[in-house]
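In the UniProt record's numbering, the protein residues as written are 1 to 304. We put the CB at the ideal spot given by N, CA and C, even for glycine. Report on one structure; see the data block that follows.
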């Protein structure tokens, strides 16, 4: 499957309504709630859409549903928004009664043989567990979660500024945030200045925060060109459709993803080397008093 097939083009109004009608089916909702690894659920949604004349891959369905959920929650938090989700009423009919399932529950694996998070927390140090989760997000191109990845990267780089060079920092942080912004611009219900502007502001803040003594003209030009592109996508629906169908797969396709993954890999490897996991003797030496004094304390340590 080509990247163009994977990212798809802008969803039309009728396609989005068809997706919502399939998604809101009780059987689909039940499967999404009960299944830990639910690639096959999105595949079923894709098959049902074909019966309605809509050809979309399971990954496109997953990304669109994530975008709709995100926009629905934003409108729920801010009802007075100047551009609320146009499908809010339809979504509210079934999402309002559902528990707020964390996105991390959704994965692409077909096999259901992974260890539960509670077990992983006992076996894997927290930093390594977070690093693995972030790496999986970037590997799977879950662009709607790139904001969380960028926030973690930014926080670490603020504490350890020498972990990466200025150019590497900006390329990684802006690269992650840019993909999220483009994903928002692809959807009619989130392609508006009010939704996009906070992400652009974070990109500007990144450049200013990590800027060295001399201004990097290449970085400044890259940001300027991206801002101009986003403004065009927001103002011109026809140009936006052309961009995502013809330009996006080339300029933000496999080579872009590979470069972003390389930067993320370097970031995680350097972080892991800088913060080695202490041995149990070293951990025990941190406390003057015994770490676990009673069986109750031990149980608390295991399940906290």
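For residue 270, which residues in the same chain have their Cβ closer than 8 Å to its Cβ, ignoring the five residues on either side in sequence?
163 and 164
I need the straight-line Cα distance from residue 129 to residue 267, nearest angstrom please.
15 Å
Buried or exposed for residue 265, going by 16 or more other Cβ atoms inside 10 Å?
exposed
At the 9 Å Cβ level, is residue 256 part of the contact set with chain D, yes or no?
No chain D appears in this structure, which consists of one protein chain only.
Unbroken alpha helix (DSSP H) run spanning residue 174, endpoints
166-186
Three-state class that DSSP yields for residue 225 in the structure shown
helix
Buried versus exposed call for residue 274 [16 or more other C-beta atoms within 10 Å across all chains shown]:
exposed
How many angstroms separate the CA atom of residue 131 from the CA atom of residue 257?
18 Å
Roughly how many whole angstroms lie between the Cα atoms of residue 96 and residue 232?
35 Å
Starting from residue 69, trace the alpha helix (DSSP H) in both directions and tell me its first and last residue.
58-77
Taking the straight line between their C-alpha atoms, what separation do you get for residue 152 and residue 146?
10 Å
Whole-angstrom Cβ separation of residue 149 and residue 182, contact assumed at under 8 Å?
So it is not a contact: roughly 15 Å between Cβ atoms.
So, is residue 59 buried or exposed, given that buried needs 16 or more other C-beta atoms within 10 angstroms?
buried
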